[in-house]
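A.B. asks: For the sequence shown, our numbering gives the first residue as 1, with consecutive numbering after it. Even glycine gets a Cβ: it sits at the ideal position worked out from N, Cα and C.
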Amino acid sequence: MNIRFISLVLLMIFIFFWEVSSKNSLNIPTASEVFSTFIELVKNDVLPQAILNSLCRFFIGLGIGVFFAILIGLILGYFTKIELLFEPFIQFLRPISPIAWLPLVVLLFGIGEFGAIFVISIAVFFPMLTLCISGVRHINPTLLMMAKNLGAKPYFIFKDIIIPGAFLHIATGLKLAASIAWIHLVAAEMLGIQSGLGYLILDGRNILRTDIVIVAIISIGFLGYAIYLLFSYFEKLILKKLGGL
């Protein structure tokens, strides 16, 4: 039997038991009530607007974090002495939770988009930085030595050897970075933003609308899964392309 069909059946069973068990509950809405709230939020443009705001922050923060991680990671991976110079700073900053920066950012810059985007960027920066450095280190040293002996300039070494050689690690890390970015986005919106899915959860809590909270949580899960599938697809395309080279 098809695995996806079994998963669908299990989902239907879960929804059925949810509907039945919460019929007489004062705190937990039924599945049908949550679905009605979903339709209401879509018709009122509340949910689409929240999703759009969250996705915009997600892609901006992810793009900034990944860009600087790749740029700095390639440099540190190639120039070992520079990496040794900055390693204490990296190891000091890396364990700090990205969410821990948010109160400081809010105090310095106020509540707004900057705080959420900063949290996302810093969340994906260090994992991608580590993968980029590792990717450069896995390049065959003989290739680099031959290029230097033949008088290749640093620009061409980076363009023709370093970037292609580390690209496999970068492509693999993008899916991980996307998941990390999505998780921290929702947390950032719950702490310092007045829009988005994270804020919708808080808003539902403040007005004692458990159904709105559940709709927002389910939306976060579905979008997170869609993002995972999207980046998994791109990862497979890249790996297939590299495998054919």
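1. Less than 7 Å between C-beta atoms, sequence neighbours within five positions excluded: which residues of the same chain meet that for V246?
2. Apply the 10 Å Cβ neighbour rule to I220 and answer buried if 16 or more other Cβ atoms are within range, or exposed otherwise.
3. Taking DSSP as the reference, what is the three-state secondary structure of P127?
4. Quick check: what's the CA-CA separation for Y78 versus R137?
5. If distances are taken between C-alpha atoms only, which option among L230, Q194, R209 comes closest to I111?
6. Report the residue from I214, L229, F222 whose alpha carbon sits nearest the alpha carbon of S36.
7. Going by DSSP, what residue range makes up the alpha helix (DSSP H) through P88?
8. Between the segment 125-133 and the segment 159-170, do three or more beta carbon pairs fall short of 8 Å?
9. Taking G224 as the reference, which of E40, F59, F16 has the closest Cα?
10. Mind checking which residues open and close the alpha helix (DSSP H) that includes D203?
11. Would you list, in sequence order, the uninterrupted alpha helix (DSSP H) runs of no fewer than 4 residues that lie entirely inside the segment 150-187?
12. Does the distance from the C-beta atom of I96 to that of A188 stay below 8 Å?
C.D. replies: In this structure, then:
1. As displayed, the chain neither begins before 1 nor continues past 245, which places residue 246 out of reach and without an answer.
2. buried
3. helix
4. 8 Å
5. Q194
6. I214
7. 80-93
8. Short answer: they touch.
9. F59
10. It spans 197-206 - the alpha helix (DSSP H) in which D203 sits, taken as one unbroken run.
11. For secondary structure counted as the alpha helix (DSSP H) over 4 or more consecutive residues, the segment 150-187 holds these complete runs in sequence order: 154-157.
12. no
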